[in-house]
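According to my numbering, the sequence shown holds residues 8 to 399 in order. Glycine included, each C-beta is placed from N, C-alpha and C at the ideal position. Predicted model only: the values in this text are computed from it and were never measured. For reference, the structure is listed below as structure tokens.
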Amino acid sequence: MAAFVPRRAVAASVRTLATTSAPPPIASTSTGAAPHRPRLDKLRAEQASIDDFLGGGPIEKERVVFSKNKTPRLPKYLKTEIPTSTSYNKIKQDLRGLKLHTVCEEARCPNIGQCWGGEKGDATATIMLMGDTCTRGCRFCAIKTSRAPPPLDVHEPENTAEAISRWGVGYIVMTSVDRDDLPDGGSAHIAETVRRTKAKAPHILIEALTPDFAGDAAAIRLVAQSGLDVFAHNMETVESRTPFVRDPRAKYRQSLEVLRVAKEAKEGLITKTSLMLGVGETDEEIMQTLKDLRANNVDVVTFGQYMRPTKRHMKVSDYVSPEKFDFWAKQAEQLGFLYWASGPLVRSSFKANELLKSSAGKRLLQGLKGRDGPVEALTKDGERRVLEGVRA
Numbered sequence: 008m009a010a011f012v013p014r015r016a017v018a019a020s021v022r023t024l025a026t027t028s029a030p031p032p033i034a035s036t037s038t039g040a041a042p043h044r045p046r047l048d049k050l051r052a053e054q055a056s057i058d059d060f061l062g063g064g065p066i067e068k069e070r071v072v073f074s075k076n077k078t079p080r081l082p083k084y085l086k087t088e089i090p091t092s093t094s095y096n097k098i099k100q101d102l103r104g105l106k107l108h109t110v111c112e113e114a115r116c117p118n119i120g121q122c123w124g125g126e127k128g129d130a131t132a133t134i135m136l137m138g139d140t141c142t143r144g145c146r147f148c149a150i151k152t153s154r155a156p157p158p159l160d161v162h163e164p165e166n167t168a169e170a171i172s173r174w175g176v177g178y179i180v181m182t183s184v185d186r187d188d189l190p191d192g193g194s195a196h197i198a199e200t201v202r203r204t205k206a207k208a209p210h211i212l213i214e215a216l217t218p219d220f221a222g223d224a225a226a227i228r229l230v231a232q233s234g235l236d237v238f239a240h241n242m243e244t245v246e247s248r249t250p251f252v253r254d255p256r257a258k259y260r261q262s263l264e265v266l267r268v269a270k271e272a273k274e275g276l277i278t279k280t281s282l283m284l285g286v287g288e289t290d291e292e293i294m295q296t297l298k299d300l301r302a303n304n305v306d307v308v309t310f311g312q313y314m315r316p317t318k319r320h321m322k323v324s325d326y327v328s329p330e331k332f333d334f335w336a337k338q339a340e341q342l343g344f345l346y347w348a349s350g351p352l353v354r355s356s357f358k359a360n361e362l363l364k365s366s367a368g369k370r371l372l373q374g375l376k377g378r379d380g381p382v383e384a385l386t387k388d389g390e391r392r393v394l395e396g397v398r399a
């Protein structure tokens with residue numbers, strides 16, 4: 008007869024047998040500091056987030072987009088450096104102190120260092136109004152989503168105006184999440200922010216990159232007439248890809264209507280939109296979209312490469328070559344756009360201030376609409392390049 012073994016002893020024996028051997032001791036690092044410790048300490052001092060620490064530099068040597076057919080790693084011309092300028096750090100610290108959000112950070116824009124790091128008067132920042140949570144869920148966007156976001160911060164218009172007035176920027180882009188939970192889509196909140204900012208810093212040029220307000224013409228007009236200089240609303244992609252790329256509530260024709268209503272709401276208002284390439288569109292579809300935009304008197308268009316923010320988002324269909332972006336810049340010129348920027352790293356508000364620094368932009372703001380004499384500028388930065396153009 009087998010000897011009786013207490014249950015407690017059996018349990019202890021099982022745990023012992025299931026336990027792996029102890030791992031080997033970690034090599035001592037007493038001979039020197041951890042290789043990335045100075046960088047970590049610097050980011051902590053700047054109140055940076057973990058995303059900033061993981062965003063690039065020595066730790067992230069390669070960025071790869073995977074798919075079933077093993078899409079090749081990110082082309083070199085799409086890689087950017089870690090931002091470190093004084094202007095960048097000042098803007099970031101002010102944002103933290105006033106609890107403001109930017110689409111530059113929330114959407115992980117690759118151009119944040121260039122836009123925030125400009126010299127005084129040339130830096131451009133993109134403030135994201137109405138919180139950091141959107142009621143829509145576009146398949147390309149990294150911003151958080153919820154059917155019931157937190158209520159609006161009633162102090163945000165004043166805090167935003169205060170922050171912008173002391174940054175020394177010459178051009179500000181105000182964008183926002185979609186707020187389908189609000190009766191007016193948040194249009195009154197955006198308009199109030201524009202008005203307060205102009206009151207504190209009338210010299211600053213303001214671009215509002217708006218949602219579609221579910222097609223509400225009154226809401227569109229309210230923002231267009233609030234005192235801003237540029238009304239922007241992004242088409243994002245061509246008509247056939249819209250149902251697969253954007254939230255179901257975002258419609259191609261509705262977005263065209265937003266731009267048309269805004270243009271008619273205020274004489275001399277500049278209207279602007281942006282297209283992502285690399286989401287499955289064809290050249291014929293892009294050309295048709297450009298024609299649709301000009302038919303609705305849109306003045307400015309930008310082209311950029313879609314870059315998958317996380318593995319949860321839709322895959323990149325293809326990486327469009329810099330030469331192809333040059334081609335689309337030429338098409339924008341021929342179709343009569345006032346200004347265009349086209350390149351793999353271009354985003355909607357990339358170098359946004361360049362438009363109104365041009366003679367064409369200044370004339371348009373003064374109510375003069377001459378469009379003679381196209382002028383081009385090809386900018387090269389290593390292997391990255393952007394083809395920009397303005398009509399003189």
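Quiz prompt | Pairwise C-alpha distance: residue 318 and residue 210 | solution = 42 Å
Quiz prompt | Beta-carbon contacts of residue 234 that lie in its chain and below 7 Å, excluding the five residues immediately before and after | solution = 201, 202 and 205
Self-check item: Three-way DSSP call (helix, strand, coil) for residue 311 in this model
Solution: strand
Quiz item: If you pair each beta-carbon of the region 342-350 with each one of the region 293-313, do three or more pairs fall below 8 Å?
Solution: yes
Exercise. Could you please give me the residues that DSSP links to residue 321 through a beta bridge?
Key: DSSP lists no partner for residue 321.
Practice problem: Report the rounded CA-to-CA distance for residue 255 versus residue 156, giving the unit in angstroms. | Solution: 19 Å
Quiz item: residue 198 and residue 230: beta carbons closer than 7 Å?
Solution: yes
Quiz item: Start and end of the beta strand (DSSP E) containing residue 238?
Solution: 237-239
Exercise. Would you tell me roughly how many angstroms separate the C-alpha atoms of residue 273 and residue 164, rounded to the nearest one?
Key: 22 Å
Exercise. Indicate whether residue 191 and residue 226 have their beta-carbon atoms separated by less than 7 Å.
Key: yes
Quiz item: Taking the C-alpha atoms as reference points, what is the distance between residue 299 and residue 162?
Solution: 39 Å
Self-check item: Coarse secondary structure for residue 346, derived from DSSP in three states
Solution: strand
Self-check item: 8 Å contact criterion, which residue 242 and residue 280 should meet: CB distance rounded
Solution: 5 Å
Quiz item: So the alpha helix (DSSP H) residue 249 belongs to, where does it begin and stop?
Solution: 249-252
Quiz prompt | Proximal residues to residue 189 (C-beta, below 7 Å), its chain only, five neighbours per side dropped | solution = none
Quiz item: residue 352 by DSSP, collapsed to three states: which one?
Solution: coil
Quiz prompt | residue 275 burial status per 10 Å Cβ neighbour count (16 or more: buried) | solution = exposed
Practice problem: Locate the beta strand (DSSP E) running through residue 163, then write down its first and last residues. | Solution: Taken as a continuous stretch (DSSP letters only), residue 163 belongs to no beta strand (DSSP E), being part of the alpha helix (DSSP H) at 163-174.
Practice problem: Could you tell me which of 186, 284 and 339 sits nearest to residue 323, measuring between CA atoms? | Solution: 284
Quiz prompt | Endpoints, the beta strand (DSSP E) within which residue 150 is located | solution = Run containing residue 150: none; DSSP gives neither H nor E here.
Self-check item: Beta-carbon contacts of residue 74 that lie in its chain and below 6 Å, excluding the five residues immediately before and after
Solution: Low local confidence applies: a pLDDT of 45 at residue 74 is under 50, so the model's placement there is unreliable, with the coordinate-based value given in what follows. Excluding sequence neighbours, residue 74 sits near 322.
Practice problem: Let me know if residue 289 comes out buried or exposed under the rule of 16 or more other beta-carbons within 10 Å of its beta-carbon. | Solution: exposed
Self-check item: Option in 218, 331, 338 and 297 with minimal Cα separation from residue 312
Solution: 331
Quiz prompt | Straight-line Cα distance separating residue 136 from residue 151 | solution = 14 Å
Quiz item: Going along the chain, which residues of its own chain have a beta-carbon closer than 7 Å to the beta-carbon of residue 338, five neighbours each way excluded?
Solution: 294 and 297
Self-check item: Residue nearest to residue 336 in terms of C-alpha spacing, selected from 282, 170 and 138
Solution: 282
Practice problem: Could you tell me if residue 214 is buried or exposed, where buried requires 16 or more neighbouring beta carbons within 10 angstroms of its beta carbon? | Solution: buried
Self-check item: Simplified DSSP assignment, three categories, for residue 396
Solution: strand
Self-check item: Top-ranked residue by Cα proximity to residue 217, from 329, 258, 260 and 265
Solution: 265
Self-check item: Cutoff 8 Å; reference residue 168; Cβ partners in own chain excluding five residues on either side
Solution: 200, 203, 204, 206, 207 and 208
Quiz item: From residue 396 to residue 301, what does the alpha carbon distance come to, in whole angstroms?
Solution: 16 Å
Practice problem: Hey, could you find the ends of the beta strand (DSSP E) residue 246 is sitting in? | Solution: Residue 246 -> no beta strand (DSSP E), and no H or E assigned at all.
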